[in-house]
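Residue numbers (the numbering used here): 1 to 321.
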C-alpha cells in the first residue's frame, strides 16, 4: 500500500474534486503545512504532493521511503531537485492546464489598466459622476489596444497564447530575446528594443537564478513608452522596490501583478504600498485558478501519480530522478 500525503490541499479550491488513485493506497490531506512540519508529516510516505510547501535536501535526508514528489503546479522551485536526483526521488509536475486561464487573466489586467477601469470605478463610488455636471467625465486616460505593441517575455505555451489573443485585438506582439542573449533569430526582438518600444510588457517565464531580478531600474529607465507592466509569472522576476520607484517616477504607466516576491506579501511590502493606486491592480496569485483549470490540474495530478506507480511515469522534471 502506498502512503500519499498532500501537504497543502487548501491550495486547491474545496469545490475541486480530487479523485482517489486507482491503486491500493492511503491518502492523508493537510490543508496547510509549515516548513518544520514537513518531515514528520511525510514520514513513511512513498508519495508526497505539494503545491508550494518546500521540500528541502535536509527534509529528504529524513525520508527514506519517499519515491515520488508530485507537484500540484508547473513550477518546481519549492523542491530541491538536485537532492532528489541524488536520492532517486522522482519529481513530476503539471503542464498545459493554464493555457486559457493565465492569458485571460493577463488580458483582464491589461484591459482594466489601459481603460482605467479601477480609477473610474473609485471615482463613481466617491460621487464624481454626480459632481461632473454632464453625462461623462475624463479623470483618467483611456487607451485602445489596437496598434499597441506588447512585449512578451517567455515564448512557451502561455506566451504563445497571449500573442494570439493580442493579435486578435489588433496589437503587435513582440517576443523578447532572452536577456543578455544574441543570435536568437528574426522571431525575437532584441531585449533592449523590446523594453524601448513596447506599450505593454507581460511576463510568462520561469523564475530561475538567471531570471531573478531581471527587471529593475536599469530596465525601467529604458522603457521610453511608459508601458504597463504585467506579471502573472513569478514575483521574483521584478525588483519590487525598483517597481515602486519606476511607477512613482513615471517610467511606467501602470502595474498589473498577480504574484509577489513573498506570498502572501507583508502589508508594508513594496507591492502593497502601491496597491491602492488607480493605476495598479494586485490580485492574489489566482491567474491560474479558474475552476476549469483547477479541475484539469487535479485530474493531471492523479494521472501523474497513477502513471508513476504503474511504471510509466509522466511529466518527470529534468534534474530529478
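Backbone N, C-alpha and C define an ideal beta-carbon position, used for all residues, glycine too.
My understanding is that residue i touches residue j, with C-beta atoms under 8 angstroms, so please give their C-beta distance in whole angstroms.
i, j, result
"residue 217", "residue 255", "Incorrect: roughly 15 angstroms between the Cβ atoms, too far for contact."
"residue 194", "residue 159", "The pair is not a contact, with the Cβ atoms about 12 angstroms apart (cut-off 8 angstroms)."
"residue 106", "residue 232", "5 angstroms"
"residue 92", "residue 108", "The pair is not a contact, with the Cβ atoms about 30 angstroms apart (cut-off 8 angstroms)."
"residue 305", "residue 21", "5 angstroms"
"residue 114", "residue 143", "5 angstroms"
"residue 323", "residue 90", "Outside the shown range of the chain (1 to 321) lies residue 323, about which nothing can therefore be said."
"residue 5", "residue 41", "6 angstroms"
"residue 302", "residue 9", "With a Cβ gap of about 13 angstroms, residue 302 and residue 9 do not count as contacting."
Whole angstroms is fine: what's the gap from residue i's alpha carbon to residue j's?
i, j, result
"residue 125", "residue 245", "29 angstroms"
"residue 205", "residue 27", "33 angstroms"
"residue 183", "residue 176", "12 angstroms"
"residue 180", "residue 155", "16 angstroms"
"residue 137", "residue 278", "16 angstroms"
"residue 3", "residue 285", "30 angstroms"
"residue 241", "residue 300", "37 angstroms"
"residue 128", "residue 281", "21 angstroms"
"residue 60", "residue 168", "47 angstroms"
"residue 321", "residue 116", "A caution first: residue 321 carries a pLDDT of 48, below 50, which makes its placement in the model unreliable, though a value can still be read off. Rounded to whole angstroms, residue 321 to residue 116 spans 49 angstroms at the Cα level."
"residue 33", "residue 120", "41 angstroms"
"residue 275", "residue 220", "19 angstroms"
"residue 132", "residue 16", "46 angstroms"
"residue 203", "residue 187", "17 angstroms"
"residue 261", "residue 67", "30 angstroms"
"residue 39", "residue 7", "11 angstroms"
"residue 1", "residue 14", "26 angstroms"
"residue 118", "residue 257", "14 angstroms"
"residue 178", "residue 317", "22 angstroms"
"residue 198", "residue 111", "16 angstroms"
"residue 25", "residue 63", "18 angstroms"
"residue 23", "residue 310", "9 angstroms"
"residue 308", "residue 74", "17 angstroms"
"residue 288", "residue 189", "27 angstroms"
"residue 192", "residue 225", "13 angstroms"
"residue 185", "residue 135", "51 angstroms"
Which residue wins for smallest C-alpha separation from residue i, given the options the options?
i, options, result
"residue 208", "219, 234, 226", "234"
"residue 210", "221, 189, 236, 197", "236"
"residue 140", "86, 43, 243, 122", "122"
"residue 148", "170, 275, 14, 6", "170"
"residue 201", "47, 308, 161, 223", "223"
"residue 238", "270, 192, 37", "270"
"residue 43", "65, 273, 1", "65"
"residue 50", "310, 298, 163, 307", "298"
"residue 214", "153, 62, 289, 185", "153"
"residue 101", "165, 25, 134, 135", "165"
"residue 248", "189, 74, 266, 273", "273"
"residue 30", "23, 46, 11", "11"
Where DSSP assigns a beta bridge to residue i, which residues make up the other side?
i, result
"residue 231", "203, 257"
"residue 244", "Per DSSP, none; premise fails for residue 244."
"residue 47", "4, 68"
"residue 215", "238"
"residue 404", "Since the first residue shown for the chain is 1 and the last is 321, residue 404 is missing from the structure and cannot be characterised."
"residue 176", "189"
Would you call the segment 287 to 294 in contact with the segment 96 to 109, where contact means no fewer than 3 C-beta pairs closer than 8 angstroms?
yes
Please determine if the segment 55 to 62 and the segment 80 to 90 are in contact, where contact requires at least 3 C-beta pairs separated by less than 8 angstroms.
Result yes; three or more Cβ-Cβ pairs closer than 8 angstroms.
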